[in-house]
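Working notes, structure below.
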Amino acid sequence: QVQLVESGGGLVQPGGSLRLSCAASGSIFRLYAMGWYRQAPGKQRELVARITSGGNTTYADSVKGRFTISRDNAKNTIDLQMNSLQPDDTAVYYCRAFLSASNYWGQGTQVTVSS
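Start counting the sequence shown at 8; every next residue gets the next number (my numbering).
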């Protein structure tokens with residue numbers, strides 16, 4: 008069982024930055040692939056970025072060059088550094104942990120980009 012708790016969301020102006028964090032419970036965190044997903048009102052949940060247990064990263068085209076995902080296996084955390092935020096980035100952001108058939112989600116944190 009893995010529990011995930013996101014933090015760091017909020018209101019930011021266009022062009023600004025935010026850093027999201029996800030803290031995970033469990034002693035085998037390092038084995039899990041981790042990801043950040045987002046869901047805007049009226050839209051499906053979509054992948055933002057993911058990072059494998061070995062540190063390989065994948066990004067959605069819409070965030071490449073602006074967002075950076077990282078993990079700290081010693082602290083059982085992953086972060087998402089978001090720069091040059093735009094109104095289209097407004098969504099609830101979710102942390103996900105997955106390994107084989109195991110799949111866990113956090114409760115989500117709201118990110119609002121508005122002037």
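For every residue, glycine included, the Cβ atom is placed at its ideal position computed from N, Cα and C.
Open item on the list: I'd like to know if the stretch 87 to 103 and the stretch 58 to 68 are in contact, where contact means that at least 3 CB-CB pairs between them fall below 8 Å.
Closed with: Judged by Cβ distances under 8 Å, the stretch 87 to 103 makes no contact with the stretch 58 to 68, as fewer than three pairs qualify.
TODO: Rounded to whole angstroms, what's the CA-CA distance from L18 to S24? Just pull it up for me.
DONE: CA-CA distance, L18 to S24, rounds to 10 Å.
Open item on the list: Using DSSP's beta-bridge definition, name the partner residues of Q142.
Closed with: Because the chain here runs from 8 to 122, residue 142 falls outside it and cannot be looked at.
Task: Sub-9 Å separation of S109 and Y44 beta-carbons - done: Using a Cβ distance threshold of 9 Å, S109 and Y44 do not count as a contacting pair.
Task: Any chain C beta carbon closer than 9 Å to Q114 - done: In the displayed structure, chain C is absent; only one protein chain is listed.
- [ ] Look up R52 in the DSSP assignment and say whether it is helix, strand or coil.
- [x] It is coil, neither helix nor strand.
Open item on the list: Can you tell me whether R78 is helix, strand or coil according to DSSP?
Closed with: It is a strand residue.
Open item on the list: Classify G62: buried if its beta carbon has 16 or more other beta carbons within 10 angstroms, exposed otherwise.
Closed with: With fewer than 16 Cβ atoms within 10 Å of its Cβ, G62 is classed as exposed.
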